[in-house]
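S.K.: Numbering (the UniProt record's numbering), first residue to last: 1 to 159. Mind looking over this structure? Questions follow.
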């Protein structure tokens, strides 16, 4: 389309079903590369990605709007789940939890957010995923109900 220019930066966050630690460190880069390919095939750009054992952060530059964010997340989850299951990385079925977080940023924030995404391993030595996610929701002033958050279980540190 002529004379349409855009650049939108978003961070996607979603979790493994049951918050299970199913994405092993030796498979982390495989998951990240596969998801990066999905996003690139949709005409978008991955600026940073980090797959924790139980959740993932993806910083994306959206420059085409022929696919909605919900369709992009649906395709990422469906295709990556299918690949993980076809590769038989573990016994049982792999699924992502329903839902996701999507947060927008300005161009001036991109370097800081990319560093945050790539520094997840060190970050989670200090803060649980629940604490992190609730902090992000509060920072963005998003009203939420605990029952609609990802599945966080009693006894989880920081719960």
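For every residue, glycine included, the Cβ atom is placed at its ideal position computed from N, Cα and C. The model shown is predicted, which means the values in this text are computed figures rather than measured ones.
Bridge partners of residue 55, per DSSP?
M.R.: The partner list for residue 55 (beta bridge, DSSP) reads 15.
S.K.: Count the other CB atoms, across all protein chains shown, that sit within 10 Å of the CB of residue 52; report buried if there are 16 or more and exposed otherwise.
M.R.: That one is buried.
S.K.: Between residue 35 and residue 3, what straight-line distance do the alpha-carbon atoms span, to the nearest angstrom?
M.R.: Computed Cα separation, rounded: 30 Å.
S.K.: Taking residue 12 as the reference, which of 142, 83, 59 and 139 has the closest Cα?
M.R.: The residue with the shortest Cα to Cα distance from residue 12 is 59.
S.K.: For chain C, find out if any of its Cβ atoms is closer than 8 Å to the Cβ of residue 8; answer yes or no.
M.R.: Chain labels in this structure do not include chain C; a single protein chain is all it has.
S.K.: Taking just the CA atoms, how far does residue 119 sit from residue 16?
M.R.: Taking the straight line joining both Cα atoms gives about 19 Å.
S.K.: Measuring alpha carbon to alpha carbon, tell me which residue in 42, 40, 50 and 93 is nearest residue 30.
M.R.: When only C-alpha atoms are compared, the closest one is 50.
S.K.: DSSP has residue 60 in a bridge; who is on the other side?
M.R.: Answer by DSSP bridge pairing, in chain order: 10 and 46.
S.K.: Under 8 Å by Cβ, that's how I've got residue 44 and residue 62 pegged, so tell me the actual separation to the nearest angstrom.
M.R.: That belief holds up - the Cβ atoms of residue 44 and residue 62 are roughly 6 Å apart, short of 8 Å.
S.K.: Tell me which residue opens and which closes the beta strand (DSSP E) that residue 104 is part of.
M.R.: 101-105 is the extent of the beta strand (DSSP E) around residue 104.
S.K.: Can you give me the Cβ contacts of residue 67 inside the same chain, cut-off strictly under 6 Å, excluding the 5 residues immediately before and after it?
M.R.: Counting only Cβ-Cβ distances below 6 Å, and skipping sequence neighbours, we find 42.
S.K.: Measuring alpha carbon to alpha carbon, tell me which residue in 131, 103, 79 and 113 is nearest residue 141.
M.R.: Taking only the C-alpha atoms, the option nearest residue 141 is 103.
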